[in-house]
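Colleague: First residue of the sequence shown? That's 0 in numbering that gives the first Met the number 0, and the numbers climb one at a time after it.
Glycine is no exception: its CB is placed at the ideal position from the N, C-alpha and C atoms.
Just so we're clear, the structure is a prediction, and the values are computed from it rather than from any experiment.
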Amino acid sequence: MTAAYPPPRHLLRDLRLTFEHDDPRHSRAWLPVVPEVCGPDGTVRAGVLATLVDVIGGGLAATAAAPDWIATADLTLHVVDGPRVGVVEARASVLRAGRTTVVLEVDLVDGGARNVGVATMSFAVLPRRETNPDISSVRRPGSSTMATSESRLGKPFVDALGVRVVDAHAGVVDVPVTDWARNSMGAFQGGAVGAVVEAAAETALRHASSAPLVVTDLHLTYLSFGRVGPLRTRTEVLAVSVDRGVARVELFDTGADARVTTVARVVASRAVAR
0 MTAAYPPPRH LLRDLRLTFE HDDPRHSRAW LPVVPEVCGP DGTVRAGVLA
50 TLVDVIGGGL AATAAAPDWI ATADLTLHVV DGPRVGVVEA RASVLRAGRT
100 TVVLEVDLVD GGARNVGVAT MSFAVLPRRE TNPDISSVRR PGSSTMATSE
150 SRLGKPFVDA LGVRVVDAHA GVVDVPVTDW ARNSMGAFQG GAVGAVVEAA
200 AETALRHASS APLVVTDLHL TYLSFGRVGP LRTRTEVLAV SVDRGVARVE
250 LFDTGADARV TTVARVVASR AVAR
């Protein structure tokens, strides 16, 4: 991984997120809606929203747990109505900050303050190590961004990650672990895991239903870091119709003895034309 984090080209920069940290228990972030973060139905992909949630949630949880550190245990996202234009605002709040666990809720709204989704995250509180980053410098009062004048997505988010469909029928996709998508610990970024899981489930459910199903719900349980890669999915279609599908997805690290890094449950619904 590049010594400076994030490196000059990184998803945290290219998504052009902006942040505002209101107090130790509340933070906000904004994601510009551009074609590269949207799916075939024209709405922001659930995996991109999961990345937004993970970024704002992880920083707030680390603040709530200070001086200790945190590890993400799970992330649950429900998309009410995917935004198509403008910006998506994530409003994160600490629900619980205990000795062993931090729990957050993140409300997602569009530029008109219309609810477009909600997420919850839980974190295990861990003893701080010397290798853990100091986030105090990025949580100053006022608005901030990691984007530079050169930061932007030149291709769809899943393509920028390097997601490749191996077997559409079985929902098998893989993705390399690159510096562009690593977190500060040198592993594949937790929110971007949601984009990989979304791609696997959506591919399998669309193939099984022959319908334009779009992922609306992600429940991600994190078991270990994906450090080596490529990461690959195993997908089981649990239920499917032309209007709705449910799948279970495992993500494992092919370069680390096929260790399972994440298990997920995914719900997709038929895209509504607007």
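1) Can you tell me which of the three DSSP states D21 falls into?
2) Going by DSSP, which residues form a beta bridge with A96?
3) Could you tell me which residues DSSP pairs with I69 in its beta bridges?
4) With a threshold of 16 other CB atoms inside 10 Å of the CB of T215, please say whether the residue is buried or exposed.
5) T71: buried (16+ other C-beta within 10 angstroms of its C-beta) or exposed?
6) Would you be able to state if there are at least three C-beta pairs under 8 Å between the region 195-211 and the region 140-148?
7) For G244, name the three-state secondary structure that DSSP assigns.
8) Helix, strand or coil: how does DSSP classify E88 here?
9) Suppose you measure from the CA of P6 to the CA of V271; what does that come to, to the nearest Å?
10) Give me whichever residues DSSP pairs with H77 in a beta bridge.
11) Give the range of the alpha helix (DSSP H) segment to which L11 is assigned.
12) From what residue to what residue does the alpha helix (DSSP H) around R163 run?
13) For V47, tell me which candidate among P31, R247 and L212 has the shortest Cα-Cα distance.
14) Output yes or no for whether 8 Å exceeds the beta carbon distance between D106 and R90.
15) Do V172 and V165 count as a contact pair if the criterion is CB distance below 8 Å?
16) Under 8 Å Cβ to Cβ from V54, same chain only, skipping five residues before and after it: list those, please.
17) Spell out a yes or no on whether the region 225-245 and the region 97-104 are touching, meaning 3 or more CB-CB pairs, one atom from each, closer than 8 Å.
Modeller: This is what the structure gives:
1) Position 22 of the sequence shown, counted from the first residue, corresponds to residue 21. D21 falls in the strand class under three-state DSSP.
2) By 1-based counting over the sequence shown, the position of residue 96 is 97. DSSP lists V101 as partners of A96.
3) Residue numbering aside, residue 69 sits at position 70 when the sequence shown is read from its first letter. Bridge partners of I69: V124.
4) Counting from 1 along the sequence shown, the entry for residue 215 is found at position 216. It is buried - the Cβ of T215 has at least 16 other Cβ atoms within 10 Å.
5) Taking the first residue of the sequence shown as 1, we reach residue 71 at position 72. T71 comes out buried.
6) no
7) Looking up residue 244 in the sequence shown gives position 245. Of the three classes helix, strand and coil, the one that applies to G244 here is strand, per DSSP.
8) Taking the first residue of the sequence shown as 1, we reach residue 88 at position 89. E88 falls in the strand class under three-state DSSP.
9) Residue 6 sits at position 7 when you count from the first residue of the sequence shown. Residue 271 sits at position 272 when you count from the first residue of the sequence shown. Taking the straight line from one Cα to the other gives about 38 Å.
10) The count along the sequence shown starts at 1 and reaches residue 77 at position 78. Answer is V117 and D216.
11) Translated into the one-based positions of the sequence shown, residue 11 becomes position 12. Run containing L11: L10 to D13, per the alpha helix (DSSP H) assignment.
12) Position 164 of the sequence shown holds residue 163. Per DSSP, R163 is not a residue of any alpha helix (DSSP H); the beta strand (DSSP E) it occupies stretches across R163 to D166.
13) Numbered from its first residue, the sequence shown carries residue 47 at position 48. Residue P31 holds the alpha-carbon nearest to the alpha-carbon of V47 among P31, R247 and L212.
14) What you label residue 106 is simply residue 107 of the sequence shown in a count that begins at 1. What you label residue 90 is simply residue 91 of the sequence shown in a count that begins at 1. A distance below 8 Å separates the beta carbons of D106 and R90.
15) Position 166 of the sequence shown, counted from the first residue, corresponds to residue 165. Position 173 of the sequence shown, counted from the first residue, corresponds to residue 172. Their beta carbons are under 8 Å apart, which means V165 touches V172 by this criterion.
16) Taking the sequence shown and counting its residues from 1, one reaches residue 54 at position 55. Only L11, L16, A28 and G190 meet the Cβ criterion.
17) no
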